[in-house]
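Engineer:
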Amino acid sequence: MNTLVIYDSLYGNTEKVANAMAEALGKEAKAVKVGQVKAGGLKDYAYVLIGSPTQGGRPTKAMQSFLAGLTEDDVLGKRFAAFDTRAQAFIVKLFGWAAPKIEKALKSKRANCTAQPQGFFVEGTKGPLAEGELKRAGTWAKAIIAGLPTNLMPGEFNVKTKE
Ligand SMILES: Cc1cc2nc3c(=O)[nH]c(=O)nc-3n(C[C@H](O)[C@H](O)[C@H](O)COP(=O)(O)O)c2cc1C
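Terminal number for the sequence shown in the working numbering: 247, no gaps in between.
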């Protein structure tokens, strides 16, 4: 199944997560930065995983405008899942995270979202990624393509998210 992982990244952590997902899925998957996806660029893909750093509780501006530009035709017949990277500090929980907002934007285009939005943690503000997150990213992506219910997986797949 062809999978496109679309990401944005300021400090490189979300890029690493996206690449880990594409690598785990093998040669039928690729990761591209959000600015490189052209209009109609989803058409060859059955699965589209979309991820952004959480900034002020939201996806980046570039990701927000990409999502705003998607049409119902772009998303028709595909399966989507949203992820983000986020800090671990208590205070940031007040603002929510990017992945649920990505999902909300996708659903507003009538996209079929097949997994709970997922967050991957960075240390501090700029990273690096917390230990084990790249492996978890690969496992999450494989579970989605395999049709497994990621919300029932053991360990940190049950990270709480809110809008
Ligand atoms: C301007 C700015 C705002 C941020 N706001 C949040 C936030 O609201 N919640 C959060 O969990 N992390 C926040 N962070 C931390 C980012 O989520 C973190 O830098 C990001 O996950 C790193 O991913 P990247 O290396 O791909 O940019 C913020 C970072 C920046 C630079």
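Built from N, CA and C at the ideal position, the CB exists for glycine as well. Values in this document were obtained by computation on a predicted structure and should not be read as measured data.
1) Less than 8 Å between the C-beta atoms of residue 222 and residue 108, yes or no?
2) Contact between the region 167-178 and the region 199-213 is defined here as three or more beta-carbon pairs at a separation below 8 Å; is this criterion met?
3) Provide the residue span of the beta strand (DSSP E) that contains residue 137, from first to last.
4) Any heavy atom of ligand 1 closer than 7 Å to the beta-carbon of residue 94?
5) Could you tell me which of 188, 101, 232, 191 sits nearest to residue 218, measuring between CA atoms?
6) Shorter than 8 Å from the beta carbon of residue 160 to some beta carbon of chain C?
7) Can you tell me which of the three DSSP states residue 202 falls into?
8) For residue 186 and residue 193, what's the separation of their Cα atoms in angstroms?
9) What is the residue span of the beta strand (DSSP E) that residue 165 lies within?
10) Who are the near neighbours of residue 196 in its chain, counting only those whose CB is closer than 6 Å to its CB and skipping five residues on each side?
11) Considering just the uninterrupted stretch of the alpha helix (DSSP H) at residue 101, what are its terminal residues?
12) Go through its chain and collect everything with a Cβ distance to residue 232's Cβ below 6 Å, but skip five positions before and after it.
13) Considering residue 88, what are the terminal residues of the beta strand (DSSP E) in which it resides?
14) Which partner residues of residue 127 appear in the DSSP bridge assignment?
Structural biologist: Looking at the coordinates:
1) yes
2) yes
3) 131-137
4) yes
5) 101
6) Note that chain C does not occur in the displayed structure, where there is just one protein chain.
7) strand
8) 11 Å
9) 163-170
10) 163
11) 97-109
12) none
13) 87-91
14) For residue 127, which the question treats as bridged, DSSP gives no partner whatsoever.
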